[in-house]
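All remarks here apply to the structure that follows.
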Amino acid sequence: DLLLRNNLPDWNEADFSMHASDAASDITVHYDITGNSTTEGKMSDITACFNDRLQSIRKLIVQNSNLPRKHQEISRLLAEYSRYQGYENKAVAIGLVNEPRYTKNGHLMWGLEDETGEMTCLLTKRSGDDRDRAHEQILEAGLMPDDVMGVSGTFSQTGDIFYVDDLHFPLETKHQKVSSEAGVSVAFLSDIHVGSKTFLEAQWHKMVRWFHTDPLAKTIKYLILSGDCVDGVGIYPGQDSELAIPDLFAQYSEFARLLELLPEWVECLMLPGNHDAVRPAEPQPTFEKDIQQDYNTTTFVGNPCDFSLHGVRLLSYHGKSIDDFVAGLKTVTYADPVEAMREMLRRRHLAPQWGGKTPLSPEPEDGLVIREVPDIFVTGHVHGHECLDFRGTTLVCSSTWQDQTSYQRMLGFQPKPCMLTIINLKSHKSISIPFA
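When we follow this note's numbering, the leftmost residue of the sequence shown carries the number 1, and every step to the right adds one.
Written as structure tokens, this is what we have:
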């Protein structure tokens, strides 16, 4: 009995039950690097960052993974390798992945390193009855450099190779979502690229009209803007010729004006991306005060940001490291960026690879470890669009407001612009409204 309202997807009023202006604002930030960045980029900072990553994720692996026995330090395993030979005598180690590579026979080989030493691991292709889906998935995808993982298996006769039977990741099997008392909703956008000639302004005004007239819009209390809200300057070669607004501050002022058009019940939460006027190294602190001054009802946070709305836990990350996951794992593509998000959650880390496409800032506490599994995990960056469930967490790849760029045309990439994703914080029902 639901009608397709205004030719938009239908929704059930029971799932989107509360007017946004009937609820007081409730934002709690759990992690944001802004004001807390202490690194000087020294070797000692890098070591501290990797030690914290290893210790934090090792705890999660021990907690969430069914290890066949207690893990040991790698140096100890190497010293006593002859005890761990043959099927009955498995050893377990947890460490950082170093130089993962395929052998010419299609086996996967990598170094595994902890504070005490490094050993060479081999995951072999299996045939017949020995085949195992989990194995094949890893062999199919590969591993990311600097992943933290557990391995169980046995040593070769000489002790120079560790044959991996099982890999152990830190993600729990199923997450239990929290629901808020208040039935208000949150909406998601990113990569708006104001200032670019390919910014879709007419569609923005179409969305603004919808916000002022549609009953569903009246339930939206928060709008999460996950980076690249402006196109920036000097981001890539030849960008000048594609800019409608060549001045960086004018781009931010124009975006502030566009947000002002939204109804007064909508509060924005805005974080930076790789086109923004902040340092490129992640975690990124938020915008400077001279950019913030043009904005009224906006909370500014860093990238990534771990926060709660009415008790529902959200993790918002711009998603630059999706580039590394696409380059590093054979199963991740730009056409299906959500697979990269699944891999981040499996690893409990947003950007494992040091020295890849994502510049990292070595903070003494690794700010990209996913310490708490979120109820909603959102990224942007790749101009795709998706909203689905993965082991109890809603994954949102938020849509862009930019048309296909000349660079994307050259790569043959088709963006999915102008989709507003809306999730109710009480019912966890989601809906995506197209404005293209």
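Built from N, CA and C at the ideal position, the CB exists for glycine as well.
Taking C-alpha atoms, which residue in the options lies nearest to residue i?
i: F413; options: E242, D403, L420; result: D403
i: G437; options: K426, Y334, C305; result: With the chain covering 1 to 436 only, the question about residue 437 has no answer from this structure.
i: S82; options: V326, L309, D160; result: D160
i: Q292; options: A277, A335, Q284; result: A277
i: G117; options: S75, G106, A217; result: S75
i: V233; options: T219, I220, A250; result: A250
i: R346; options: G311, L167, L243; result: L167
i: F255; options: S241, C229, P237; result: C229
i: D165; options: T173, L171, S152, K174; result: S152
i: D15; options: S196, W354, M43, E181; result: E181
i: E201; options: D294, G238, A340, A244; result: A244
i: L112; options: L54, W401, E372; result: L54
i: T482; options: T286, S308, E267; result: Beyond the ends of the chain as shown, which are 1 and 436, falls residue 482; an answer cannot be given.
i: S56; options: I370, F435, P417, R126; result: I370
i: S185; options: L248, H275, H310; result: H310
i: I94; options: E242, H212, Y222, D147; result: D147
i: R257; options: D214, E88, H205, R313; result: H205
i: F287; options: E343, R126, L216, G35; result: G35
i: T219; options: A23, P417, L96; result: A23
i: A436; options: S406, K197, T400, L425; result: T400
i: V373; options: S241, D52, S308, N424; result: S308
i: A335; options: E264, Q353, H381; result: H381
i: Y222; options: Q157, T299, Q203; result: T299
i: E454; options: D114, H275, D52, Q137; result: Since the first and last residues shown for the chain are 1 and 436, residue 454 lies out of range.
i: D114; options: M410, V326, V97; result: V97
i: G355; options: N105, Q239, F211, I46; result: I46
i: E172; options: K426, E73, R342; result: R342
Hey, quick one: how far does the beta strand (DSSP E) through residue i stretch, first residue to last?
i: Y102; result: 91-102
i: H30; result: 27-31
i: V378; result: 376-379
i: M144; result: It is not in any beta strand (DSSP E) - M144 carries neither H nor E in the DSSP assignment.
i: A187; result: 185-189
i: L77; result: Note, L77: premise wrong, no beta strand (DSSP E); alpha helix (DSSP H) at 74-79.
Measure from the C-beta of residue i to each C-beta in chain B and report whether the shortest distance is under 8 Å.
i: H135; result: No chain B is present in this structure, which holds just one protein chain.
Can you list, in chain order, the residues of its chain whose CB lies under 6 Å from that of residue i, leaving out five sequence neighbours each side?
i: F188; result: I224, V378, V396, S398, T421
i: A79; result: none
i: T124; result: H107
i: S17; result: G183
i: P170; result: I57, L60, I61, N64, R348
i: G328; result: M144
i: W265; result: A20, S21
i: Q353; result: M144, P145, D146, D324
i: M344; result: L350
i: R101; result: M109
i: T405; result: T198
i: I33; result: P283, P285, G302, G367
Pull up the DSSP beta-bridge partners for residue i, would you.
i: Y163; result: L122, T154
i: W110; result: C121
i: D132; result: DSSP output for D132 lists no bridge partner at all.
i: M419; result: P434
i: L67; result: Paired residues: none, contrary to the question.
i: H168; result: G150
i: H349; result: V369
i: L450; result: This structure leaves residue 450 out entirely; the chain is present only between 1 and 436.
i: N36; result: Beta-bridge pairing links N36 to no other residue.
i: L360; result: E282
i: V194; result: V230
i: N424; result: S185
i: L243; result: S196
Specify, as a first and last residue, the run of the alpha helix (DSSP H) that residue i falls within.
i: K59; result: 43-64
i: S399; result: It is not in any alpha helix (DSSP H) - S399 carries neither H nor E in the DSSP assignment.
i: K206; result: 201-213
i: E386; result: First-last for E386: 386-390, but that is the beta strand (DSSP E), not the alpha helix (DSSP H).
i: S406; result: 406-411
Enumerate in chain order the residues of its own chain whose CB-to-CB distance from residue i is below 7 Å, with the five nearest sequence positions on each side excluded.
i: N303; result: G227, L271, P272, G273, E282, P283, Q284, Y317, H318
i: A351; result: E282, S321, D324, T358, L360, L368
i: P68; result: K90, V92, S152
i: V208; result: L261, L262
i: R5; result: For R5, the predicted structure reports a pLDDT of 47, less than 50, and the residue's modelled location is therefore unreliable. A value from the coordinates is still provided. Around R5: no qualifying Cβ.
To which residues of the same chain is residue i closer than 8 Å at the C-beta, ignoring the five residues directly before and after it?
i: Q176; result: G392
i: E140; result: K330, T331
i: Q408; result: H383, Q414, P415
i: A217; result: W210, F211, P263
Compute the minimum distance between the beta carbon of residue i and the heavy atoms of the ligand SAM, and state whether it is under 7 Å.
i: L143; result: Looking at this structure, you won't find the ligand SAM or any other ligand, since it has none at all.
(request) Would you list, in sequence order, the uninterrupted beta strand (DSSP E) runs of no fewer than 3 residues that lie entirely inside the region 246-328? (result) 267-271, 298-300, 305-309, 312-316
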